[in-house]
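**Student:** Residue numbers (the working numbering): 71 to 773.
For every residue, glycine included, the Cβ atom is placed at its ideal position computed from N, Cα and C.
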């Protein structure tokens with residue numbers, strides 16, 4: 071090759087040799103780089119509102135979708151900001167070799183995205199694995215093919231809402247727009263994984279532990295979406311991606327409400343139904359509104375299918391036939407878990423009346439969290455990142471740990487009474503250490519362990535009969551057994567030490583009977599129908615040490631009553647959005663309270679000031695709370711706290727440094743905290759090598 075054809079700067083060929091593949095990599099880029107070095111973009115800002123002035127292309131949805139972050143001033147005061155384009159990125163882009171042939175797709179936004187593979191299609195849309203030419207990453211691009219006024223308006227509305235959904239189990243929407251051919255499209259993260267429908271077809275039914283973990287995460291994602299006013303409306307196995315994460319299966323929800331209005335099925339009578347009949351609630355067909363409980367029903371159908379290898383609870387030859395069965399027929403028992411608590415959870419989701427289902431996705435998640443099929447107390451697998459001197463422990467979130475650690479910080483004890491022998495099906499006295507194992511604090515966060523022992527009789531009736539015959543039974547779990555006050559007329563004559571009455575329609579009548587059970591040390595009450603009078607009855611228990619109260623309305627009178635339980639050592643309160651400092655102050659009257667767990671609440675600075683002043687408390691758990699600015703600094707002023715659990719909580723970034731001088735602190739749990747960065751934790755560890763910090767891979771980069 072003549073010297074004139076060789077670049078004197080980089081010593082590469084100035085042109086590509088015809089037919090040479092390697093030449094594509096060896097061609098000179100100096101002239102391109104030179105021009106790139108001079109490239110810049112001008113961004114316009116409004117000096118009045120300090121927001122960017124839209125410069126989007128004509129017809130772009132982005133202007134409409136992101137309207138809140140763009141200038142809307144009638145007469146903006148324009149200022150310019152010049153930004154250089156990333157030189158290295160553009161050089162790399164100019165020399166990128168596309169190893170995958172680009173598909174020829176009508177209406178595709180090919181100016182930026184290169185379609186590589188068709189991932190799927192529906193009644194209104196097509197989805198393609200694509201390459202983002204600018205960001206140089208794989209994305210999925212969905213094209214809206216059914217274009218009319220209704221679908222376009224629905225697409226705009228749903229796109230704007232979904233742009234605000236930021237959850238680890240919801241596939242994120244990255245961009246919206248209209249192609250040069252006028253086809254609306256949206257861009258999402260590309261997640262490599264099979265759909266749940268494909269997974270079940272290949273692997274068969276999911277095991278119980280995987281179902282509990284997988285769908286607890288789904289319920290958490292739905293709860294988040296519902297809190298934003300967003301409904302999915304088409305929950306079915308093909309709308310869940312199955313991703314392998316830390317030796318467990320983790321879900322990602324897709325098609326979150328996008329173009330759902332026409333993705334339904336028309337019946338023989340021309341009736342349009344939103345969703346897929348095999349997985350949809352009978353509510354709309356029965357003239358009821360579609361709400362979060364309708365989604366609970368659909369999720370119950372999907373869980374049913376996951377345990378049966380893909381068969382939904384109801385099927386038929388026509389849409390009307392399927393909808394009729396949803397409305398009138400009970401589901402068949404699930405052979406793999408017949409009679410077990412998980413089946414009860416699923417069947418509660420599948421109740422015909424919305425009022426009989428779980429009232430929210432949060433309640434469903436907690437029900438799943440409360441049933442563990444693992445032997446003994448659940449210990450999370452923990453591995454160190456770095457050397458032995460590194461005190462950052464990364465929680466490898468496995469099947470149930472994903473639920474118990476990442477969502478509430480509380481670890482769940484499982485079955486204490488084995489089912490291997492026929493005799494063990496009967497209620498029996500248990501050893502004192504079994505009681506302690508069921509409710510003790512573990513060495514991770516010393517979090518309150520809630521009893522989730524499973525009834526060990528063939529039915530609730532037989533289980534209750536066995537307790538009647540053996541009043542010395544010390545551990546009794548009636549979790550979601552549909553027991554009523556009339557079923558527990560004998561309870562006052564027992565010597566129970568640990569009792570779980572969660573998700574049963576029991577009332578103050580049963581609480582009144584419990585006043586006579588002087589042996590009762592641990593009581594779990596989730597979603598029971600009690601009022602202040604019931605709490606008053608509980609306050610008369612002389613030996614109660616551990617109490618869980620969740621999804622029960624509490625008033626100032628209730629807190630006054632709880633404050634009279636002088637034997638109380640651990641208290642778990644959940645879903646109280648407006649917890650006040652006055653209510654916390656009342657609890658300071660508890661002389662033996664060692665641990666207070668407050669989940670899914672708003673924590674203000676005044677509340678934090680009260681928390682640090684309890685006479686005997688050494689641990690506080692504020693899992694999944696909304697924590698105000700200044701709260702972390704206030705907690706760090708405590709001289710008693712050895713354990714602070716903040717897992718899943720949202721608090722301002724850069725706050726962990728306040729724990730540098732908190733000498734009493736030995737354990738800090740920031741698992742799944744969205745604003746905690748790796749660098750922040752490492753700085754804390756360098757300053758406090760004695761401090762055990764717990765985090766997930768979301769916070770810490772593993773070697």
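Rounded to the nearest angstrom, what separates residue 583 and residue 628 at their Cα positions?
**Tutor:** Each residue's Cα considered, the two are about 18 Å apart.
**Student:** Roughly how many whole angstroms lie between the Cα atoms of residue 640 and residue 685?
**Tutor:** 13 Å
**Student:** Across the region 345-352 and the region 392-403, are there enough close Cβ pairs to call them in contact, namely three or more that are closer than 8 Å?
**Tutor:** yes
**Student:** Measuring only the C-alpha atoms, how far is residue 739 from residue 714?
**Tutor:** 6 Å
**Student:** Here's a check: name, in chain order, each residue in its chain whose Cβ is nearer than 7 Å to the Cβ of residue 707, leaving out the five neighbours to either side.
**Tutor:** Cβ neighbours of residue 707 beyond the five flanking positions: 682.
**Student:** I need the DSSP call for residue 665, collapsed to helix, strand or coil.
**Tutor:** strand
**Student:** If distances are taken between C-alpha atoms only, which option among 711, 173, 654, 644 comes closest to residue 693?
**Tutor:** Here the closest residue by C-alpha is 644.
**Student:** Which residues share a DSSP beta bridge with residue 202?
**Tutor:** 183, 207
**Student:** Thinking just about the alpha-carbon of each residue, which of 648, 728, 190, 411 is nearest to the one in residue 753?
**Tutor:** 728
**Student:** May I ask you to list the residues that DSSP assigns as paired with residue 265?
**Tutor:** Answer is 311, bridged to residue 265.
**Student:** My parser needs the beta strand (DSSP E) runs of 3 or more residues fully inside the region 576-662; what are they?
**Tutor:** 592-596, 616-620, 640-644
**Student:** Can you round the beta-carbon distance between residue 735 and residue 761 to whole angstroms, since I take them to be within the 8 Å contact cut?
**Tutor:** That belief holds up - the Cβ atoms of residue 735 and residue 761 are roughly 6 Å apart, short of 8 Å.
**Student:** What's the gap between the Cα of residue 764 and the Cα of residue 318?
**Tutor:** 20 Å
**Student:** Alpha carbons only, please: which of 391, 301, 284 is nearest the one belonging to residue 364?
**Tutor:** 301
**Student:** If you count every other CB in all the chains shown that lies within 10 Å of the CB of residue 206, and 16 or more means buried, which is it?
**Tutor:** Within a 10 Å sphere around the beta-carbon of residue 206 sit fewer than 16 other beta-carbons, which makes this residue exposed.
**Student:** Counting only the same chain and skipping the five closest in sequence on each side, list residues whose C-beta sits under 7 Å from that of residue 712.
**Tutor:** 688, 689, 734, 735, 736, 737
**Student:** Give me the residue from 370, 389, 387 with the minimum Cα distance to residue 380.
**Tutor:** 370
**Student:** For residue 204, count neighbouring Cβ atoms within 10 angstroms of its own Cβ and tell me buried if that reaches 16, exposed if not.
**Tutor:** exposed
**Student:** Run through DSSP, which three-state label would residue 676 get?
**Tutor:** Residue state, collapsed to three classes: helix.
**Student:** Between the beta-carbon of residue 580 and the beta-carbon of residue 558, is there less than 8 Å?
**Tutor:** In contact: residue 580 and residue 558 (Cβ atoms closer than 8 Å).
**Student:** When the Cα atoms are used, what is the spatial distance from residue 299 to residue 325?
**Tutor:** 16 Å
**Student:** I need the DSSP call for residue 709, collapsed to helix, strand or coil.
**Tutor:** coil
**Student:** Determine the direct distance from the alpha carbon of residue 147 to that of residue 246, and round the result to whole angstroms.
**Tutor:** 28 Å
**Student:** Decide if residue 620 is buried, meaning its Cβ has at least 16 other Cβ atoms within 10 Å, or exposed.
**Tutor:** Classification for residue 620: buried.
**Student:** At what residues does the beta strand (DSSP E) containing residue 318 begin and finish?
**Tutor:** Counting along the chain, the unbroken beta strand (DSSP E) around residue 318 starts and ends at 318-323.
**Student:** Across which residues does DSSP place residue 212 in a beta bridge pair?
**Tutor:** 197, 256
**Student:** What do you reckon, are the CB atoms on residue 295 and residue 244 nearer than 8 Å?
**Tutor:** no
**Student:** For residue 555, which residues in the same chain have their Cβ closer than 7 Å to its Cβ, ignoring the five residues on either side in sequence?
**Tutor:** 576, 577, 579, 580
**Student:** Between the Cα of residue 680 and those of 672, 724, 671, 658, spot the shortest distance and give me the residue it belongs to.
**Tutor:** 658
**Student:** Determine contact between the region 301-312 and the region 402-411, defined as no fewer than three beta-carbon pairs at a distance below 8 Å.
**Tutor:** With a cut-off of 8 Å, the region 402-411 and the region 301-312 do not count as touching, because too few Cβ pairs lie within range.
**Student:** For residue 560, is the classification buried or exposed, using 16 other Cβ atoms within 10 angstroms of its Cβ as the cut-off for buried?
**Tutor:** exposed
**Student:** If contacts are defined as beta-carbon pairs under 8 Å, then residue 595 and residue 564 qualify, I think. What distance do you get, rounded to the angstrom?
**Tutor:** The distance from the Cβ of residue 595 to that of residue 564 is about 17 Å, inconsistent with a contact at the 8 Å cut-off.
**Student:** Could you spell out where the beta strand (DSSP E) holding residue 68 opens and where it closes?
**Tutor:** It is not possible to answer for residue 68, since the shown part of the chain is limited to 71 through 773.
**Student:** Does the Cβ of residue 399 lie closer than 7 Å to at least one heavy atom of the ligand FAD?
**Tutor:** The ligand FAD is absent from the structure shown, which contains no ligands of any kind.
**Student:** Excluding the 5 residues flanking residue 386 on each side, which residues of the same chain have their C-beta closer than 7 Å to its C-beta?
**Tutor:** 392, 395
**Student:** Within a Cβ cutoff of 6 Å, which residues of the same chain sit near residue 212, ignoring the five residues on either side of it in sequence?
**Tutor:** 195, 197, 256
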